[in-house]
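J.: Chains as they are written, first to last, in our numbering: chain A, 7 to 214; chain B, 7 to 214; chain C, 7 to 214. Input: one structure, supplied below.
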């Protein structure tokens with residue numbers, strides 16, 4: 007359909023509401039991860055709570071894809087809707103992966119600094135919520151993308167510091183293997199937040 | 007070229023045949039991996055057989071790209087043809103990477119459960135074959151995508167279980183490093199099957 | 007805007023110059039990595055030099071994105087400009103990640119063969135420079151993409167050999183963890199060079 011015709015026809019705005027719901031769910035999951043690390047008395051219960059958000063995320067993501075399949079005129083490019091939903095879903099998948107590993111690896115005590123890294127992940131997901139809330143009007147949306155990029159850099163530095171300390175302080179190679187992966191999985195979640203920011207930037211550029 | 011004109015002109019259908027050949031080759035390679043694990047008497051010969059499919063896959067992928075370069079009107083978007091061929095090729099690359107590591111790491115005995123994970127990978131590649139066979143008419147194609155997603159979840163659970171057992175049962179950190187990577191490489195192959203399913207979904211959505 | 011109108015209007019050619027600057031910076035960073043490994047007397051200074059190129063790369067990448075945001079008619083698809091800039095930036099990020107790890111992990115002596123792998127990375131970045139220099143006229147551009155693919159295969163074989171030797175010769179699991187990651191990070195940099203080649207191929211295919 008030619009662009010001018012597309013602009014004349016009504017577009018279904020509920021995609022925007024669905025992205026907000028998806029992002030808010032990811033933020034809640036990242037907060038559950040922070041809570042789990044902050045009070046590590048019952049890891050299995052904490053990981054199970056994070057998993058709830060991961061499953062809820064799958065349902066929302068599936069709903070977006072289904073709606074995409076049934077919608078003739080979309081508010082922005084079909085491929086970008088698919089991509090944005092997929093990348094937001096990646097974030098909660100990684101938060102869940104980190105939570106699961108804490109249980110699978112039978113971690114007993116949280117290393118110092120890991121809570122700080124998880125807090126950065128949570129902050130980045132809050133920026134994703136803020137960005138998708140203004141996705142429709144694109145009001146100051148790039149500011150949130152810039153903030154996500156900044157938080158990714160913060161997480162990167164936190165990760166490096168934590169890994170350096172791990173190799174200096176921990177002598178058991180098995181503990182090094184376990185913690186290195188948990189720390190890197192959390193940092194990878196902020197990389198995925200950056201991917202979300204990149205899709206949002208692309209959408210904004212196309213509509214500029 | 008405007009969409010209506012594109013629909014009037016004949017389109018080269020042999021891309022569909024090439025994707026079927028590419029997918030069947032990946033399935034054969036995944037089956038060779040299952041056979042290798044099922045009878046681990048000669049790992050070098052088994053890995054060499056898997057590598058044959060990896061090389062054959064490179065040739066088919068290259069042929070698809072070359073044909074894409076020489077074809078004016080394609081049956082679906084050029085970029086999606088490029089993407090689909092690349093993602094299917096990723097699957098056999100990862101199966102080959104797992105087979106190669108079994109030799110490079112001088113593995114002597116297969117851990118229980120790894121054959122089951124490789125079988126899930128093979129099943130997912132069978133669904134890719136089924137999906138690309140109906141890519142032209144798009145008949146029930148999304149059912150295969152859903153099944154690939156389900157198998158990816160199965161592989162994910164198998165992988166978690168295998169890694170948990172690895173840390174519980176294996177005391178040698180070097181063995182943990184080796185097996186953790188082999189198991190995760192196989193699981194990653196099903197992630198790539200899911201990427202293939204996502205491209206197929208995107209193509210189907212665009213043509214909806 | 008219809009394709010024929012786009013062809014009539016002047017297009018801003020400075021994107022091509024910016025990609026050349028970005029690629030040359032990555033090549034200089036990869037050369038700094040080679041120099042660091044070739045004379046490993048002061049790792050901190052070497053890593054700091056590589057980091058300079060990583061930061062310079064971020065500035066150039068940001069400038070390309072900003073220009074993209076302000077430009078109405080682009081020399082090729084907006085999304086591909088975004089993608090190409092992002093993928094070239096990935097290469098220097100990984101070279102920097104390898105250099106950083108040599109310091110973070112307090113590596114004292116470079117394992118034999120690692121310099122050879124870093125040299126392959128540098129050679130692949132030189133091919134990226136050669137490719138983006140002819141991006142405008144697309145003169146023999148696919149030859150450079152083919153060469154990047156060949157170098158990625160070389161790096162892959164070097165990586166496998168280095169990892170096999172690592173497991174055979176090194177008995178300390180912590181050293182295995184550290185070196186395995188440094189070697190794989192360098193190899194991953196050539197994978198990202200291949201991603202750059204793939205974007206260039208896509209752009210070339212679209213304009214064919």
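For each residue, glycine too, the CB sits at the ideal point set by N, CA and C. Note that the structure is a prediction, hence the values are computed from the model and not measured.
Put residue 88/B into one of helix, strand or coil per three-state DSSP.
T.: Helix at residue 88/B.
J.: Leaving out five residues on either side along the sequence, give the residues of the same chain with a beta carbon under 6 Å from the beta carbon of residue 140/C.
T.: 147.
J.: Is the beta carbon of residue 96/C sitting closer than 7 Å to the one on residue 186/C?
T.: Going by C-beta atoms, residue 96/C is not nearer than 7 Å to residue 186/C.
J.: Buried or exposed for residue 7/A, going by 16 or more other Cβ atoms inside 10 Å?
T.: Unreliable positioning characterises residue 7/A in this predicted model, as indicated by a pLDDT of 42, which lies under 50. The coordinate reading is nonetheless provided below. Result: exposed.
J.: Short of 7 Å Cβ to Cβ, which residues in the stretch 168-180 of chain C face chain B?
T.: Correct list: 169, 170, 173 and 179.
J.: Is there a C-beta anywhere in chain C that falls below 7 Å from the one on residue 208/A?
T.: So, interface residue.
J.: Compute the beta-carbon to beta-carbon distance between residue 52/B and residue 32/B, rounded to the nearest angstrom, for a pair I have assumed lies under 8 Å.
T.: Contact flag wrong, Cβ pair sits at about 17 Å.
J.: Quick test of the definition: if touching needs 3 or more C-beta pairs under 8 Å, does the stretch 42-61 of chain A touch the stretch 70-84 of chain A?
T.: The answer is no - the stretch 70-84 of chain A does not touch the stretch 42-61 of chain A, with fewer than three Cβ pairs under 8 Å.
J.: Taking only three categories from DSSP, how would you classify residue 7/C?
T.: For residue 7/C, the predicted structure reports a pLDDT of 42, less than 50, and the residue's modelled location is therefore unreliable. The matter cannot be settled from this model.
J.: Would you please verify whether the beta carbon of residue 61/C is less than 7 Å from any beta carbon of chain A?
T.: Not an interface residue.
J.: Give the residues of chain B in contact with residue 212/C, contact being defined as C-beta atoms less than 7 Å apart.
T.: In chain order: 84.
J.: Do you know offhand how far residue 59/B's Cα is from residue 156/A's?
T.: Their backbone Cα atoms lie some 44 Å apart in a straight line.
J.: How far does the alpha helix (DSSP H) with residue 80/A in it extend, from its first residue to its last?
T.: Neither: residue 80/A is in no alpha helix (DSSP H) and is coded neither H nor E.
J.: Give me, in chain order, the residues of the same chain whose beta-carbon lies closer than 7 Å to that of residue 107/C; leave out the 5 immediate sequence neighbours on both sides.
T.: Result list for residue 107/C: 187, 188 and 191, in chain order.
J.: Using the Cα positions of residue 194/C and residue 116/C, report the straight-line distance between them to the nearest angstrom.
T.: Whole-angstrom Cα-Cα distance: 19 Å.
J.: Run through chain A and tell me which residues come within less than 8 Å of residue 166/B, C-beta to C-beta.
T.: Under the 8 Å cutoff, chain A gives 106 and 110.
J.: What would DSSP say about residue 46/B, mapped onto helix, strand or coil?
T.: DSSP places residue 46/B in coil when its eight states are reduced to three.
J.: Where does residue 129/C sit, in a helix, a strand or coil, going by DSSP?
T.: Correct three-state label for residue 129/C: helix.
J.: Within a Cβ cutoff of 8 Å, which residues of the same chain sit near residue 125/A, ignoring the five residues on either side of it in sequence?
T.: Here the set comprises 40.
J.: What distance in whole Å lies between the Cβ atoms of residue 142/B and residue 22/B, which are believed to be in contact at a cut-off of 8 Å?
T.: Right, their Cβ atoms sit about 5 Å apart.
J.: Among the residues of its own chain, which have a CB less than 8 Å from the CB of residue 27/A, if the five just before and after it don't count?
T.: Counting only Cβ-Cβ distances below 8 Å, and skipping sequence neighbours, we find 66.
J.: Chain C partners of residue 182/A, CB-CB under 9 Å?
T.: In chain order: 179, 180 and 183.
J.: Within the 7 Å Cβ cut-off, does residue 88/C reach chain A?
T.: At least one chain A Cβ lies under 7 Å of residue 88/C.
J.: When DSSP labels each residue in this structure, what does residue 59/B get in the three-state scheme?
T.: Residue state, collapsed to three classes: helix.
J.: When Cβ atoms are compared, which residues of the stretch 61-75 of chain C fall closer than 9 Å to chain F?
T.: Looking at the structure shown, chain F is missing, and the protein chains on hand are A, B and C.
J.: How far does the alpha helix (DSSP H) with residue 117/C in it reach, from first residue to last?
T.: No alpha helix (DSSP H) contains residue 117/C, which DSSP labels as neither H nor E.
J.: When DSSP labels each residue in this structure, what does residue 158/C get in the three-state scheme?
T.: It is helical.
J.: Using 8 Å for Cβ pairs, my map puts residue 70/A next to residue 103/A. What's the rounded Cβ distance?
T.: With a Cβ gap of about 22 Å, residue 70/A and residue 103/A do not count as contacting.
J.: Nearest-angstrom Cα distance between residue 119/A and residue 35/A?
T.: Roughly 19 Å between the two C-alpha positions.
J.: What is the DSSP secondary structure of residue 163/C, counted as helix, strand or coil?
T.: Note: residue 163/C maps to helix in three-state DSSP.
J.: Between which residues of its own chain and residue 196/B is the CB-CB distance below 7 Å, once the five residues before and five after are set aside?
T.: Excluding sequence neighbours, residue 196/B sits near 126, 127, 130, 157, 158 and 161.
J.: Below 7 Å CB to CB, which residues in the same chain sit around residue 208/B once its five sequence neighbours on both sides are set aside?
T.: Closer than 7 Å at Cβ, skipping near neighbours: 86.
J.: Just list the beta strand (DSSP E) runs in the stretch 175-199 of chain B, keeping only unbroken ones of 3 residues or longer that don't cross its boundaries, in chain order.
T.: DSSP runs (the beta strand (DSSP E)) wholly in the stretch 175-199 of chain B: none.
J.: Assuming residue 182/B contacts residue 183/A (C-beta within less than 8 Å), just tell me the rounded distance between them.
T.: So it is a contact: roughly 6 Å between Cβ atoms.
J.: For residue 50/C, I'd like the list of residues in its chain whose CB is within less than 8 Å of its CB, leaving aside the five on either flank, ordered along the chain.
T.: For residue 50/C, where only same-chain residues beyond five positions count, the Cβ hits under 8 Å are 109.
J.: Give the secondary structure of residue 150/B by DSSP, where H, G and I count as helix, E and B as strand, and everything else as coil.
T.: Note: residue 150/B maps to helix in three-state DSSP.
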